Amino acid sequence: MFFIFGYNKKPVGRETRSIRKNGLSVNAVVTVYKTYIELFFIPLIPLGKRYSIYIPHTDEYYEQGFRSTIPEEYMEVCKDVGRLY
Numbered sequence: 001m002f003f004i005f006g007y008n009k010k011p012v013g014r015e016t017r018s019i020r021k022n023g024l025s026v027n028a029v030v031t032v033y034k035t036y037i038e039l040f041f042i043p044l045i046p047l048g049k050r051y052s053i054y055i056p057h058t059d060e061y062y063e064q065g066f067r068s069t070i071p072e073e074y075m076e077v078c079k080d081v082g083r084l085y
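Position 10 of the sequence shown, counted from 1, bears residue number 10 in the UniProt record's numbering, the numbering being contiguous throughout.
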């Protein structure tokens with residue numbers, strides 16, 4: 001038998017939030033992803049939420065993953081957006 005298993009993340013929401021950066025109030029784009037284990041491209045097992053944040057003012061991009069982390073002050077903003085999705 002031949003099975004196609006996979007790990008995939010799908011974006012479920014995107015919002016713009018105002019954050020403090022170097023004493024200034026700048027906008028940040030927060031994206032919420034849901035991660036799944038898939039079988040034949042059908043999501044079966046939800047694994048949780050992951051976040052990414054992009055700050056266009058300073059061109060910074062952070063993504064939560066296996067090797068990368070988001071700074072703690074930005075993680076609170078991401079979790080706040082994640083509660084909506």
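By construction, the Cβ of each residue, glycine as well, lies at the ideal position given by its N, Cα and C atoms. The structure displayed is predicted, hence computed values, not measured ones.
Pair within 9 Å by beta-carbon distance, residue i and residue j
i: R14; j: V77; result: no
i: V26; j: T69; result: no
i: T31; j: G48; result: no
i: Y33; j: R50; result: yes
Residue from the options with nearest C-alpha to residue i
i: I53; options: E73, T35 and F40; result: E73
i: K10; options: L84, P46 and R67; result: P46
i: F40; options: K79, R20, V81 and F5; result: F5
For residue i, three-class secondary structure by DSSP
i: Y74; result: helix
i: G82; result: helix
i: S25; result: strand
i: G65; result: coil
i: I4; result: coil
i: P46; result: strand
i: P11; result: strand
For residue j and residue i, believed in contact at Cβ under 8 Å, the rounded distance
i: Y7; j: I55; result: That belief does not hold up - the Cβ atoms of Y7 and I55 are roughly 27 Å apart, past 8 Å.
i: V12; j: Y85; result: 5 Å
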